[in-house]
Amino acid sequence: MKVLVATEKPFAAVAVDGIRRVIEDAGYELELLEKYTDRADLLAAVADADALIIRSDKVDAEVLDAAANLKIVVRAGAGYDNVDLASATAHGVVVENTPGQNSNAVAELVFGMAVMAARNGYNGTSGIELKGKKLGLQAYGQVGRNVARIAKGFGMEVSAFDPYCPDGAMQAEDVNPVHDTDALYAGNNVVSIHIPATPETKGSIGYQLITKMPKGGILINTARKEVIDEVGLEKALEERTDLKYMADVKPDNADELKSKFGDRVFFTPKKMGAQTSEANINAGIAAANQVVAYLRDGINRFQVNK
């Protein structure tokens, strides 16, 4: 069987070496398609692939139609909105992600942004300290748990809203559960967003929520840009000159926001939450192990298109 690693943005060399060891030790063939710029190259490469490992590469109906032998796609990372799940299901293809492998990297970026915002972008003016402030987490999954861990080291009080996580699980980790987004935003100096982009969440964070934040509030988004109502965000920042927005997901109106609000907003030039050598290696090797587990033993623990 052939396993194709198709990455416009390649894994680190050490990650590729680890992936190769896992795949070839299992008796499978590994093919690499790196830094491709022509979609036709991807369509040709998947034609005889039994498994596909990707990063942010798009897998849609066209790719699935071209991949007659494909059994599994593993997205190395937590997010999987670059894969057409409905089409994969229709083609009988299992889709998995690798949750938790990038979580510490994203959590550390959250705090890099929090400190930057608290210190006014290091522009020489007097900022604030995070110690003693309240941090709210919108979703308490793997990334949220790592953010909470770091926050406690800063001496912050942590709360979280996640309807899929029992109160007791949060309380066991010294995190205060809240039960709606209004309370989360109103009760915290810093709010960190970790929700996926779904039909229910897209555009769900806008003017009404953001303006509930206390004076000097900092909103951090390392999730997906689609969850933000960008018009509402701009209106909130205009009316509340004390608020700041930091994002690892550059909004469509980034240039306008930057020109209007200066150091009160910050956006990474590309999505960088998982851009550490450790996360790159962890996610790639996890993807390889999941491919082998499925092809050899039918294990689909991380399937997302059930």
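Sequential numbering of the sequence shown, starting at 391, is according to the numbering used here. Cβ atoms here follow ideal geometry from the backbone N, Cα and C, with glycine treated the same way.
When the beta-carbon positions are compared, LEU609 and ALA441 stay at least 8 Å from each other.
DSSP links SER549 through a beta bridge to GLY526, ASN566. In this structure, the alpha-carbon of GLN528 lies about 15 Å from that of TYR635. Note on geometry: alpha-carbon atoms of ILE583 and ASP431 lie some 36 Å from one another. Per DSSP, reduced to three states, the secondary structure at GLU421 is strand.
Separation of ASP653 and THR612 (C-alpha to C-alpha, rounded to the nearest whole angstrom) is 18 Å.
In this structure, the straight-line span from the alpha carbon of PHE656 to that of VAL496 is close to 16 Å. Excluding the 5 residues flanking it on each side, ARG445 has same chain C-beta neighbours closer than 7 Å at THR397, LYS399, ALA466, GLY467, in chain order. With a cut-off of 8 Å on Cβ pairs, the segment 538-557 is in contact with the segment 484-502, counting three or more such pairs. Between the alpha carbons of ALA457 and ALA480 lies a distance of about 13 Å.
Under the DSSP definition of a beta bridge, SER582 partners with LEU527, ILE610. Per DSSP, LYS634 is not a residue of any alpha helix (DSSP H); the beta strand (DSSP E) it occupies stretches across 634-637. Here the C-alpha atom of GLU629 lies approximately 21 Å from the C-alpha atom of ILE518.
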